[in-house]
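Enquirer: Protein chains in written order, with this note's numbering: chain X, 1 to 446; chain W, 447 to 883. Backbone N, C-alpha and C define an ideal beta-carbon position, used for all residues, glycine too.
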Amino acid sequence: MTDEDYFDWTEKIFDVDNAFLKPEALKGIRVIDLSHVILGPETASLLADFGAEVIKIERPGTGEFNRSFDLWCKFWKNNSLGVMWIQRNKYFLGLNLKHPKGREVLYELVKRSDVVIENYAPGVVDRLKISYRYLKEINPRIIYVSLSGYGQWGERWKWPSWDAAGQAASGVAAISGYEERTPMKLPYYVGDSITAAAAFMATLAALYHREKTGEGQYIDVTQAETFVRLMSHIWTYVDLKNEDWKRTGNKDVSMLANGYKALDGRMVTITALTDEQFSGLCKAMGREDLIEDERFSTISSRLKPENREELEKIIEKWVSETNSQDIIELSAKYGFSAGVVRDTYEVYTDEHLRARKTIWIYDDPLFGEMLGLVAPMKLSKTPPRIKWTLHPVGYHNRYILKKILGLKDDEVEELEKEGVIGYWEDIIGRTPPPGFDPEKDPVFRW
Amino acid sequence: MVMTMEWCEIAKSYFENEKVRYGPGPLDGVVVLDASIANPAAYFASSILAEMGAEVIKIEPPGGDPLREVTPYGEIYIAGSGLPWVVEGRNKEFITLNLEKEEGREIFRHLACKADVVIESFPPGESDRMGIGYRQLRELNPGLIYLAFSAYGHFGPNARKFSKVPDSNLLGLANSSYMDAAKELPEAGEPYNQPTAPGFWMASYLAGLYGVSGVLLALFYRLKSGEGQMIDITTTDAMVHLIEGLYWAFAFKEPMPVGILPLDYGTSIYAFWKAKDGYVFAAGATDSNFAALVTQLGREELFEKYPTLPERLKLDNQRVIYNELAKEFRKYTFQELVEKMLKWREEGRDGVAVYMKVMTPIEILKEKYWYERKDFTDIPYKGKKLKVVNPVWKLSSSPLKLKWLAKGVGEDNSFVYKKYLGFGRRELENLKENGII
Numbered sequence: 001m002t003d004e005d006y007f008d009w010t011e012k013i014f015d016v017d018n019a020f021l022k023p024e025a026l027k028g029i030r031v032i033d034l035s036h037v038i039l040g041p042e043t044a045s046l047l048a049d050f051g052a053e054v055i056k057i058e059r060p061g062t063g064e065f066n067r068s069f070d071l072w073c074k075f076w077k078n079n080s081l082g083v084m085w086i087q088r089n090k091y092f093l094g095l096n097l098k099h100p101k102g103r104e105v106l107y108e109l110v111k112r113s114d115v116v117i118e119n120y121a122p123g124v125v126d127r128l129k130i131s132y133r134y135l136k137e138i139n140p141r142i143i144y145v146s147l148s149g150y151g152q153w154g155e156r157w158k159w160p161s162w163d164a165a166g167q168a169a170s171g172v173a174a175i176s177g178y179e180e181r182t183p184m185k186l187p188y189y190v191g192d193s194i195t196a197a198a199a200f201m202a203t204l205a206a207l208y209h210r211e212k213t214g215e216g217q218y219i220d221v222t223q224a225e226t227f228v229r230l231m232s233h234i235w236t237y238v239d240l241k242n243e244d245w246k247r248t249g250n251k252d253v254s255m256l257a258n259g260y261k262a263l264d265g266r267m268v269t270i271t272a273l274t275d276e277q278f279s280g281l282c283k284a285m286g287r288e289d290l291i292e293d294e295r296f297s298t299i300s301s302r303l304k305p306e307n308r309e310e311l312e313k314i315i316e317k318w319v320s321e322t323n324s325q326d327i328i329e330l331s332a333k334y335g336f337s338a339g340v341v342r343d344t345y346e347v348y349t350d351e352h353l354r355a356r357k358t359i360w361i362y363d364d365p366l367f368g369e370m371l372g373l374v375a376p377m378k379l380s381k382t383p384p385r386i387k388w389t390l391h392p393v394g395y396h397n398r399y400i401l402k403k404i405l406g407l408k409d410d411e412v413e414e415l416e417k418e419g420v421i422g423y424w425e426d427i428i429g430r431t432p433p434p435g436f437d438p439e440k441d442p443v444f445r446w
Numbered sequence: 447m448v449m450t451m452e453w454c455e456i457a458k459s460y461f462e463n464e465k466v467r468y469g470p471g472p473l474d475g476v477v478v479l480d481a482s483i484a485n486p487a488a489y490f491a492s493s494i495l496a497e498m499g500a501e502v503i504k505i506e507p508p509g510g511d512p513l514r515e516v517t518p519y520g521e522i523y524i525a526g527s528g529l530p531w532v533v534e535g536r537n538k539e540f541i542t543l544n545l546e547k548e549e550g551r552e553i554f555r556h557l558a559c560k561a562d563v564v565i566e567s568f569p570p571g572e573s574d575r576m577g578i579g580y581r582q583l584r585e586l587n588p589g590l591i592y593l594a595f596s597a598y599g600h601f602g603p604n605a606r607k608f609s610k611v612p613d614s615n616l617l618g619l620a621n622s623s624y625m626d627a628a629k630e631l632p633e634a635g636e637p638y639n640q641p642t643a644p645g646f647w648m649a650s651y652l653a654g655l656y657g658v659s660g661v662l663l664a665l666f667y668r669l670k671s672g673e674g675q676m677i678d679i680t681t682t683d684a685m686v687h688l689i690e691g692l693y694w695a696f697a698f699k700e701p702m703p704v705g706i707l708p709l710d711y712g713t714s715i716y717a718f719w720k721a722k723d724g725y726v727f728a729a730g731a732t733d734s735n736f737a738a739l740v741t742q743l744g745r746e747e748l749f750e751k752y753p754t755l756p757e758r759l760k761l762d763n764q765r766v767i768y769n770e771l772a773k774e775f776r777k778y779t780f781q782e783l784v785e786k787m788l789k790w791r792e793e794g795r796d797g798v799a800v801y802m803k804v805m806t807p808i809e810i811l812k813e814k815y816w817y818e819r820k821d822f823t824d825i826p827y828k829g830k831k832l833k834v835v836n837p838v839w840k841l842s843s844s845p846l847k848l849k850w851l852a853k854g855v856g857e858d859n860s861f862v863y864k865k866y867l868g869f870g871r872r873e874l875e876n877l878k879e880n881g882i883i
């Protein structure tokens with residue numbers, strides 16, 4: 001037992017400022033990333049955040065589909081911020097998979113790799129002869145991750161999908177928003193990014209299994225099913241009741257939790273799950289009389305619609321007469337859960353999140369000062385880290401082909417002449433940022 | 447390999463053999479103590495670990511975890527437990543232990559010596575003060591992996607000040623700015639143009655998923671190093687990771703213009719509409735796909751008017767396109783829209799319009815697709831038959847499984863305390879009398 005203050009001690013063991021001095025959990029794991037748009041790229045980026053060597057393979061010229069899209073079509077420094085978000089720490093290989101020699105290069109890389117990730121429409125990689133059935137012959141230990149809207153098999157295997165199609169198919173849209181309005185499309189493409197969190201998790205489980213047994217495997221993760229899993233008890237409830245789930249706005253019908261407008265006009269969320277948290281909220285509101293009120297004295301009594309309605313009125317009135325920041329201060333003092341709905345700039349400038357490296361500002365080799373949103377869990381011994389983000393199509397061709405496959409300059413040039421490998425086109429979303437001179441870049445020229 | 451087999455049949459064959467039915471879970475042999483209290487994120491994380499085959503021992507205070515009382519509208523309880531508890535109690539063992547008392551803490555330390563993973567959701571600093579935090583347990587079990595859920599985290603300038611704040615789904619959605627984007631255009635009026643949370647526990651369960659990944663990474667690292675570590679996760683951190691708009695805030699030093707539902711900031715057009723028989727999703731993101739969509743709806747002039755994505759994405763233009771198409775969608779059922787697309791494809795025309803019906807939970811439970819994929823199961827539970835979501839992520843060699851649902855408070859006390867600490871009936875009775883279990 002030591003007398004050192006707990007929070008001084010945690011600062012020391014997490015020490016995120018020195019993340020680069022610590023080991024990487026996935027060091028030595030090589031990933032072939034054949035994916036595009038958000039779902040696959042984000043899955044691979046999460047692996048790269050923890051030290052996996054991720055080789056992102058793009059079609060020469062235009063590369064990744066999503067390079068054509070950006071937040072409000074802005075294209076900061078000629079490139080897509082939306083792509084920078086989810087192409088962290090990767091090596092960029094411009095490889096033509098439709099060319100027989102391109103496929104040969106891929107097979108050689110797969111022999112030396114641990115994981116393959118793809119999210120083409122189901123069936124596409126099989127036609128290209130790079131599906132699991134081909135690659136497991138080349139490398140039986142391979143972990144092959146296929147991502148899609150509805151799966152590689154089953155009656156919907158040919159259905160096209162986007163994040164919001166997954167939202168629609170799974171039921172998350174139908175239960176979000178207000179009953180009298182069109183269901184809410186959950187913003188920020190969570191049908192992709194949340195499915196990526198699940199796919200990353202499944203990949204790690206397979207890596208752990210392989211480390212112990214030597215066995216590789218095939219993984220089939222979908223957007224629609226991931227949301228279905230996260231809806232959890234909602235299925236059991238609607239089945240028992242045989243009636244549909246209502247859209248109730250911010251009101252959580254399973255615990256005392258809702259959003260309210262504060263005196264300063266800002267939306268505040270308040271959650272009081274336990275009796276203890278509820279009593280903290282009552283003290284903050286100066287309504288200690290409510291703690292003993294039998295209509296509100298247990299979790300289940302507070303959830304009963306008629307009691308809940310009474311309580312909602314009381315909380316709503318109190319919040320409307322209190323400034324949002326005062327409510328946050330009271331939550332810290334009395335131990336209930338309150339948050340102000342912030343905008344992106346407030347989050348971006350949040351000192352606490354910066355100190356935790358949740359918001360990580362770093363020096364990018366191509367883009368200069370840059371933001372990196374790495375994997376959000378803080379591991380004390382093997383933390384995630386940001387090294388770089390997006391690079392032009394084919395930027396690491398020479399590095400990868402020489403270092404991993406042992407090719408020499410003339411062999412690389414030959415592949416280039418034959419159209420097997422290639423580089424970026426000078427169009428928006430592909431052009432390197434201003435100031436980048438390929439002829440003077442030692443990594444590009446490797 | 448039979449060359450006439452379609453890809454879907456080949457793919458299905460990887461998941462249909464005996465190996466998958468009786469295959470080992472990826473985490474068979476891993477022991478997890480879940481000492482979290484009233485925390486859906488942590489309870490969900492240990493649920494996924496249990497699906498992966500870990501032996502998850504859920505530790506509750508002798509009176510039970512308050513999360514047992516959480517249930518929609520305070521309505522359905524089965525043998526005293528609400529539906530979230532029942533459904534996510536899958537594959538776990540349920541014991542009680544009073545951590546308020548030193549004797550209980552001592553037993554916890556003994557259990558932690560036998561465990562690979564401890565999960566907790568105490569206010570940061572609290573378990574340390576109780577002598578059962580990572581700082582103490584790692585001395586007893588250096589390989590231990592310690593996963594802590596909290597609202598503001600265990601380090602950082604605000605960690606101490608906000609340590610008493612319990613984490614919650616809405617806190618993560620608000621604090622991360624997610625809800626700032628989840629609101630309709632101003633003209634929708636209140637409350638629709640105000641921040642709105644999704645209708646399920648998105649932030650909590652996402653934090654749970656990332657927490658599980660943290661444990662898997664730590665287990666993987668431990669195989670090589672023998673060392674354990676601590677993992678710190680919050681719903682705010684989990685949600686912030688998804689906020690693409692933060693890159694806008696970074697690049698332009700201003701808040702990202704969001705909160706424009708049903709429209710989109712990244713592509714146009716990509717939205718839900720009201721159709722003749724419910725709501726539909728439709729998308730035409732690229733030029734050719736947009737042309738396909740508006741032409742199928744008889745509004746090809748919209749493509750002529752807005753031929754490029756930057757033009758279509760502009761808020762005012764996008765609003766016009768959305769409203770014009772809204773008039774068309776009302777005329778058709780979902781099936782009629784799908785038929786338009788099928789005909790389009792038959793005619794060999796360029797571009798793809800993607801349509802999907804916005805399905806409600808009850809409708810979904812009637813669809814064949816999910817049962818072929820084994821995503822739902824009917825399971826007998828305390829005299830009822832419950833419809834329960836199965837593990838959904840398909841792994842061909844080390845499958846996730848659903849084995850049983852939650853048990854009663856302390857139902858596995860005698861088994862677990864016997865197995866790990868050798869306690870017999872008399873010892874358990876003493877502990878019970880002293881209010882320890």
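Got a sec: does the ligand SAH put a non-hydrogen atom nearer than 6 Å to the Cβ of V37 (chain X)?
Expert: Absence of the ligand SAH from the depicted structure is noted, as is the absence of any ligand whatsoever, leaving it without description.
Enquirer: Buried or exposed: which applies to Y468 (chain W), given that a residue is buried once 16 or more other Cβ atoms fall within 10 Å of its Cβ?
Expert: Counting Cβ neighbours within 10 Å, Y468 (chain W) comes out exposed, since fewer than 16 surround it.
Enquirer: Is it right to say R575 (chain W) is buried, meaning 16 or more other beta carbons lie within 10 angstroms of its own, or is it exposed?
Expert: So R575 (chain W) counts as exposed.
Enquirer: From G394 (chain X) to V115 (chain X), what does the alpha carbon distance come to, in whole angstroms?
Expert: Going from the Cα of G394 (chain X) to the Cα of V115 (chain X) covers about 21 Å.
Enquirer: Taking the alpha-carbon positions, what's the G535 (chain W) to A481 (chain W) distance?
Expert: Spanning the two alpha carbons is a distance of roughly 13 Å.
Enquirer: Does G884 (chain W) come within less than 7 Å of chain X when only Cβ atoms are used?
Expert: This structure leaves residue 884 (chain W) out entirely; chain W is present only between 447 and 883.
Enquirer: Could you tell me whether any Cβ in chain W is nearer than 7 Å to the Cβ of M231 (chain X)?
Expert: Cβ-Cβ to chain W under 7 Å: yes for M231 (chain X).
Enquirer: Kindly provide the ranges of any beta strand (DSSP E) runs that are 3 or more residues long and lie completely inside the segment 98-179 of chain X, ordered along the chain.
Expert: Listed in chain order, the complete beta strand (DSSP E) runs (minimum 3 residues) inside the segment 98-179 of chain X are 115-118 and 143-148.
Enquirer: If you measure from the beta carbon of V448 (chain W) to each beta carbon in chain X, is any gap under 7 Å?
Expert: Note on V448 (chain W): pLDDT 49, under 50, position unreliable in the model; no value is reported.
Enquirer: Would you call the CB atoms of T195 (chain X) and V533 (chain W) closer than 7 Å?
Expert: Their beta carbons are not under 7 Å apart, which means T195 (chain X) does not touch V533 (chain W) by this criterion.
Enquirer: Report yes or no: is there a C-beta of chain X within less than 7 Å of the C-beta of Q640 (chain W)?
Expert: Taking Cβ atoms only, chain X reaches closer than 7 Å to Q640 (chain W), which makes this a yes.
Enquirer: Quick one: grab the DSSP three-state call for G364 (chain X).
Expert: This sequence places Asp at residue 364 (chain X); Gly is not what is there. Here D364 (chain X) sits in strand by DSSP.
Enquirer: Can at least three beta-carbon pairs, one atom from the segment 609-625 of chain W and one from the segment 663-683 of chain W, be found at a separation below 8 Å?
Expert: Contact between the segment 609-625 of chain W and the segment 663-683 of chain W is present, because at least three Cβ pairs lie under 8 Å.
Enquirer: Going by Cα to Cα distance, which pick from W:E875, W:N859, W:R871 and W:L841 is closest to N463 (chain W)?
Expert: Answer by Cα proximity: W:L841.
Enquirer: How would you label C282 (chain X), buried or exposed, when you count the other beta carbons within 10 angstroms and need 16 or more for buried?
Expert: Under this definition C282 (chain X) is a buried residue.
Enquirer: Quick check on M377 (chain X): buried or exposed, where buried means 16 or more other Cβ atoms within 10 Å of its Cβ?
Expert: Label assigned to M377 (chain X): buried.
Enquirer: Strictly below 7 Å CB to CB, what residues from chain W border M84 (chain X)?
Expert: Y693, listed in chain order.
Enquirer: What does DSSP give as the partner residue(s) for F822 (chain W) in the beta ladder?
Expert: Paired residues: W:V835.
Enquirer: What distance in whole Å lies between the Cβ atoms of P122 (chain X) and K98 (chain X), which are believed to be in contact at a cut-off of 8 Å?
Expert: With a Cβ gap of about 18 Å, K98 (chain X) and P122 (chain X) do not count as contacting.
Enquirer: Does Q217 (chain X) have its Cβ less than 7 Å from a Cβ in chain W?
Expert: Output row for Q217 (chain X): interface = yes.
Enquirer: In the structure shown, what three-state DSSP assignment does W235 (chain X) receive?
Expert: Three-state result, W235 (chain X): helix.
Enquirer: In chain order, what residues of the same chain lie with their CB nearer than 7 Å to the CB of G51 (chain X), ignoring the 5 residues before and after it?
Expert: Only E24, A25, L26 and K27 meet the Cβ criterion.
Enquirer: Can you check the segment 320-379 of chain X for any beta strand (DSSP E) of at least 3 residues that lies completely inside it and give the ranges in chain order?
Expert: Runs of the beta strand (DSSP E) inside the segment 320-379 of chain X: 337-340, 360-364 and 368-372.
Enquirer: Leaving out five residues on either side along the sequence, give the residues of the same chain with a beta carbon under 6 Å from the beta carbon of F278 (chain X).
Expert: Here the set comprises A272.
Enquirer: Kindly indicate which three-state DSSP category V448 (chain W) falls into: helix, strand or coil?
Expert: Low confidence applies to V448 (chain W): its pLDDT is 49, below 50, so where it sits in the model is not reliable, and the reading given next is rough at best. Reduced to three states, the DSSP call for V448 (chain W) is coil.
Enquirer: Less than 7 Å between the C-beta atoms of V341 (chain X) and P641 (chain W), yes or no?
Expert: Their beta carbons are under 7 Å apart, which means V341 (chain X) touches P641 (chain W) by this criterion.
Enquirer: Does the structure place the segment 759-778 of chain W close enough to the segment 811-831 of chain W that three or more beta carbon pairs sit under 8 Å?
Expert: Not touching, per the Cβ criterion.
Enquirer: What is the rounded straight-line gap between the Cα of E785 (chain W) and the Cα of E774 (chain W)?
Expert: So the two alpha carbons sit approximately 15 Å from each other.
Enquirer: So the alpha helix (DSSP H) K864 (chain W) belongs to, where does it begin and stop?
Expert: Per DSSP, K864 (chain W) belongs to the alpha helix (DSSP H) from N859 to L867.
Enquirer: Does the segment 185-199 of chain X come within contact of the segment 240-258 of chain X, defined as at least 3 CB pairs closer than 8 Å?
Expert: As far as the Cβ criterion goes, the segment 185-199 of chain X does not touch the segment 240-258 of chain X, which means the pair count is below three.
Enquirer: Is the CB of T754 (chain W) under 7 Å away from at least one CB in chain X?
Expert: False, the Cβ-Cβ gap to chain X never drops below 7 Å.
Enquirer: By the 7 Å beta-carbon criterion, what residues does the segment 164-192 of chain X contribute toward chain W?
Expert: Flagged, chain order: A164, A165, A168, A169, G171, V172, A173, A174, I175, S176, G177, Y178, R181, T182, P183, M184, K185, L186, P187, Y188 and V190.
Enquirer: Quick one: give me the first and last residue of the alpha helix (DSSP H) that A197 (chain X) is part of.
Expert: V190 to T213 is the span of the alpha helix (DSSP H), which, as asked, contains A197 (chain X).
Enquirer: Just verifying my parser: in three-state terms, what is the DSSP assignment at D3 (chain X)?
Expert: Of the three classes helix, strand and coil, the one that applies to D3 (chain X) here is coil, per DSSP.
Enquirer: Would A173 (chain X) and V502 (chain W) qualify as a contact pair, given that the criterion is a beta-carbon distance under 7 Å?
Expert: No.
Enquirer: Answer yes or no: does any C-beta atom of chain X fall closer than 7 Å to that of F568 (chain W)?
Expert: F568 (chain W) does not count as touching chain X.
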